[in-house]
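Participant: Please see the structure below; I have some questions.
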Amino acid sequence: MDCLKHFSTVGLAGDLHAALGGELERHGLRAEQVLPFVITCREPAAARCSAPLRRAWPELIDCSTFGGLMLAGPRTVASSLRWAGASVPAFVLLAHAGSSADGARLEPSCAARDLHEYLETEGVDVRIDSEDPERCLFRRELLPALCWGERPDAEALSRLVREHNRKRVEQLVARIPDARRYIVLEGTTASVAGTEYICDAAAHLHDGGATHPIDLPTRAA
Ligand SMILES: [Zn+2]
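All residue numbers for the sequence shown refer to the numbering used here, where the first residue is 13 and numbers rise by one.
Following this line, the structure appears as structure tokens:
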């Protein structure tokens, strides 16, 4: 668990997801009004994190991508809400940090490793290669936030992914006419010795101009 000392708080992924439904009820939201959009890394360890959420919302929309980058747009979200008969999107935005097998240190996640290799071998080329458009998109979205020559470590890259995703949700909800209320749960997933954690988790209910914090079971890292 030493590797998680880079973060301020840590919680068990299962506990966080299991708490969400009850917390939303406390804010006057029934499960059927809410539709979660999960954006996490597609690697199995990271994806396992969202299992309790899927039990509570079997029809949740999984928009997970390589590295947990939010790529869904307003049309995707609006049509999914219509399909589900829900009015409140809950964006679960989880960046991915890797850790060593013994849990002693953070290591570059899939996306960080790929980004490092790319910067070392290919230089900066942000064209979309049709052989692997998703990885190209990841690089293209993240590269503008990097300084020249910089190699972000696992924690720095997860911070960049979180900033990107947060901005994207703000842009997206501004373009959905009926999304007066929406929820954002964000954090960084890390799998340490077979257990999934969510680090620096924060969740808020946005309601018109007001923002209400949602309590999550976390503790100091
Ligand atoms: Zn990953």
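Note that the Cβ used here is the ideal one computed from N, Cα and C, for glycine as well.
1) Is the beta carbon of C122 within less than 7 angstroms of some heavy atom of ligand 1?
2) Taking the beta carbon of G97 as the centre, do at least 16 other beta carbons fall within 10 Å, making it buried, or is it exposed?
3) In or out: E190 buried (at least 16 other Cβ within 10 Å) or exposed?
4) At which residues does the alpha helix (DSSP H) containing V50 begin and terminate?
5) To the nearest angstrom, how far is the alpha carbon of A68 from that of L24?
6) With distances taken from CA atoms, which of E198, P145 and R125 is nearest F49?
7) Closer than 7 angstroms to a non-hydrogen atom of ligand 1 - does that hold for the CB of H29?
8) Starting from G23, trace the beta strand (DSSP E) in both directions and tell me its first and last residue.
9) Regarding E55 and ligand 1, is the C-beta to nearest heavy atom distance less than 7 angstroms?
10) Identify the continuous beta strand (DSSP E) that holds R193 and give its terminal residues.
11) Expressed to the nearest angstrom, what Euclidean distance is found between the alpha-carbon atoms of L83 and P64?
12) Taking 7 angstroms as the line, does the beta carbon of H108 fall inside it for any heavy atom of ligand 1?
13) What do you reckon, is the C-beta of G221 under 7 angstroms from a heavy atom of ligand 1?
14) Please list, in chain order, all residues of the same chain as E167 whose beta carbon is under 7 angstroms from its beta carbon, the five residues on each side excluded.
15) Cβ of G26 versus every heavy atom of ligand 1: is any distance shorter than 7 angstroms?
16) Would you say the beta carbon of G79 comes nearer than 7 angstroms to a heavy atom of ligand 1?
17) So does the region 167–177 actually touch the region 123–134, counting three or more Cβ pairs closer than 8 angstroms?
Facilitator: Short version:
1) Here residue 122 is taken as the residue at index 110 of the sequence shown, counted from 1. Flag set: Cβ of C122 near ligand 1.
2) The sequence position of residue 97 within the sequence shown is 85, counting from 1. Answer is exposed; the Cβ neighbour count stays below 16.
3) Residue numbering aside, residue 190 sits at position 178 when the sequence shown is read from its first letter. It is Asp, not Glu, that sits at residue 190 in the sequence shown. Result: exposed.
4) Looking up residue 50 in the sequence shown gives position 38. Element bounds for V50: not the alpha helix (DSSP H) but the beta strand (DSSP E), V46 to I51.
5) Residue numbering aside, residue 68 sits at position 56 when the sequence shown is read from its first letter. Residue numbering aside, residue 24 sits at position 12 when the sequence shown is read from its first letter. Approximately 17 angstroms between the Cα atoms of the pair.
6) Here residue 49 corresponds to residue number 37 of the sequence shown, with the count starting at 1. Considering only alpha carbons, the answer is E198.
7) In the sequence shown, residue 29 corresponds to position 17, counting from 1. Not so, every heavy atom of ligand 1 lies at least 7 angstroms from the Cβ.
8) Taking the sequence shown and counting its residues from 1, the one referred to as residue 23 is at position 11. That run of the beta strand (DSSP E) goes T21 to L24.
9) As a first step, residue 55 is located in the sequence shown; it is residue number 43 there, counting from the start. Yes, Cβ of E55 sits closer than 7 angstroms to a heavy atom of ligand 1.
10) Within the sequence shown, numbered from 1, the residue matching residue 193 stands at position 181. Its beta strand (DSSP E) spans residues R193 to V204.
11) As a first step, residue 83 must be located in the sequence shown, where it is residue number 71. As a first step, residue 64 must be located in the sequence shown, where it is residue number 52. Going by the C-alpha atoms only, they are around 23 angstroms apart.
12) Taking the first residue of the sequence shown as 1, we reach residue 108 at position 96. Yes.
13) For the purposes of this step, residue 221 is identified with residue 209 of the sequence shown, where counting begins at 1. G221: no, Cβ never under 7 angstroms from ligand 1.
14) Translated into positions along the sequence shown, residue 167 becomes position 155. Result list for E167: H18, A109 and L118, in chain order.
15) Position 14 of the sequence shown, counted from the start, is the residue given in the question as residue 26. Checking the Cβ of G26 against ligand 1 gives no.
16) Within the sequence shown, residue 79 is the residue found at index 67, counting from 1. Yes; taking the cut-off as 7 angstroms, the Cβ of G79 has a heavy atom of ligand 1 nearer than that.
17) yes
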